[in-house]
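Residues in the sequence shown are numbered from 102 upward in steps of one, following the working numbering. Working notes, beginning with the structure itself.
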Amino acid sequence: MLIQHFLVLFCAVILYFIGRDISGRNGGLFSGLFVSVYGGFVLYAHSIMSETLFNFFVVCHLAVLWMALKEEKARSKWCCAWFFLAGFLASVASNVRPVIQYQVFVIFLALFPFYLARRQVKSLLKFSGWLALGFLSLHLYVAGATYTHYGLFGISSGLPKAAMYRLVYDSKAPLSGVRVSDPKLAAVRDYLVQVGPDDKNIWVNAFNHITGEILPKFNGNRCVYNIETDRVIMELWRKYVLTYPFEYFRYSVAELVLQLLYVEKFSGLLEFSQRMSKDGPPPPSSRAVSFLRAFYLLFSSMLGNIFFIIFGITAGFLFMRRENDPKNYFMACLFLTMFFLYVPQFFASLGMIRYRYPFDMVFFLAAGAGFSRLSLNSARKRAMSKIAPGGGK
């Protein structure tokens, strides 16, 4: 537990130094401080180790990427090594949470317009190659180990478990209306229809039941691994989307708007703390829970309500600066990273809210740059207002 707290602290410190290097002390303080007090991050990052590790590796990846872009600007011989390390850290993070496994492609897309304008696409291809090499150095090993152990190629993924939420929670698009010819898919469909949205832990209970009880009956009662269950659920999910394309899109947009406006649906910190304390320390007192609930809702609601304002300011900061500057390259990478971290939730379920926290950290880093830019412009205007109109002093 102590290691988790230190890793969370390191995340805030690293973001502070990145923000300070990009946009000054104000930007660094904004990035580090708001990540430290953000309600959802405080709730989960200090208690679930996988969340802590994922966020830590994402932050380290961003820090090394910033160093790589600076070294590329300075024509340093260590530039390729920094890109290799950035790809490796992205690979480590993707093996904790697969949502960031497209990061090499994301960075290439973000940097392509800048290098195209400079007519240096060959340089971009070289750096992207080192980035991809660093990513594949670990990714290929994990894929090979998975094949050796399970006889299947694949990387661990939480998307099928998240997709089960969407299969049962939309009453206007019932899962029972999905036609399937495969008896294996039909059995899984009927079971999920029977379970319905009443099981709040469907991503654990139903998944384990499908793995241990349903699928072995179709496989000669042999042992079924999670990766096989993932395949079946995702195949059922694809048929569900094809059956209800409009309804699925409508529900996704509604959830996306709700999350952007309110940031979190707070679902009982007391119940969460009691569940976490079954195998650990006793649950906190009701007074402590009330304080944490108020603290959490205060910052989550505040940040949710001003989301679009800060995002607009930050976007303006990015697109108004077009000179050859690694800061612009890094900001472009941040924005596209935010987008790609959000996309999987749009197609699966925003009920799996923890997958959004790296998005929030990246957002605070980008917003810190916009905040620092505003502070600098305000200071300049105050200085100019003190100059006498005719004296030039």
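C-beta atoms are modelled at their ideal positions from N, C-alpha and C, and glycine is treated no differently. Computed from a predicted structure; not experimentally measured.
C-alpha distance - residue i paired with residue j, whole-angstrom precision
i, j, result
"residue 176", "residue 170", "10 Å"
"residue 270", "residue 195", "28 Å"
"residue 105", "residue 276", "40 Å"
"residue 306", "residue 295", "13 Å"
"residue 156", "residue 235", "19 Å"
"residue 281", "residue 340", "8 Å"
"residue 456", "residue 151", "At residue 456 the pLDDT is 49, less than 50, meaning the model places this residue with poor confidence and gives no usable figure here."
"residue 126", "residue 435", "19 Å"
"residue 327", "residue 297", "21 Å"
"residue 308", "residue 330", "8 Å"
"residue 167", "residue 346", "40 Å"
"residue 244", "residue 482", "56 Å"
"residue 239", "residue 192", "6 Å"
"residue 111", "residue 178", "28 Å"
"residue 91", "residue 237", "Any answer about residue 91 is impossible in this case: the structure gives the chain only from 102 up to 494."
"residue 135", "residue 118", "14 Å"
"residue 149", "residue 137", "16 Å"
"residue 314", "residue 299", "20 Å"
"residue 319", "residue 287", "12 Å"
"residue 174", "residue 109", "31 Å"
"residue 233", "residue 182", "12 Å"
Assumed close pair residue i, residue j - CB separation to whole angstroms, cut-off 8 Å
i, j, result
"residue 172", "residue 180", "4 Å"
"residue 210", "residue 477", "With 8 Å as the limit, residue 210 and residue 477 do not qualify as a contact, their Cβ atoms being about 29 Å apart."
"residue 279", "residue 344", "5 Å"
"residue 184", "residue 429", "Not really, about 18 Å apart at Cβ, beyond 8 Å."
"residue 200", "residue 229", "With 8 Å as the limit, residue 200 and residue 229 do not qualify as a contact, their Cβ atoms being about 21 Å apart."
"residue 207", "residue 190", "That belief does not hold up - the Cβ atoms of residue 207 and residue 190 are roughly 14 Å apart, past 8 Å."
Buried or exposed (CB count within 10 angstroms, at least 16 for buried), residue i
i, result
"residue 120", "buried"
"residue 202", "buried"
"residue 426", "exposed"
"residue 188", "buried"
"residue 242", "exposed"
"residue 334", "buried"
"residue 265", "buried"
"residue 132", "buried"
"residue 485", "exposed"
"residue 350", "exposed"
"residue 262", "buried"
"residue 354", "exposed"
"residue 129", "buried"
"residue 268", "buried"
"residue 431", "buried"
"residue 186", "buried"
"residue 433", "buried"
"residue 124", "buried"
"residue 158", "buried"
"residue 226", "exposed"
"residue 220", "exposed"
"residue 503", "What the structure shows of the chain is the stretch from 102 to 494, and residue 503 is not part of that stretch, so it cannot be assessed."
Problem set entry | Those runs of the alpha helix (DSSP H) which lie wholly inside the segment 275-300 and span at least 4 residues | 284-296
For this session: Would you mind listing the beta strand (DSSP E) stretches within the segment 194-269 that are 3+ residues and don't spill past its ends, in chain order?
Result: none
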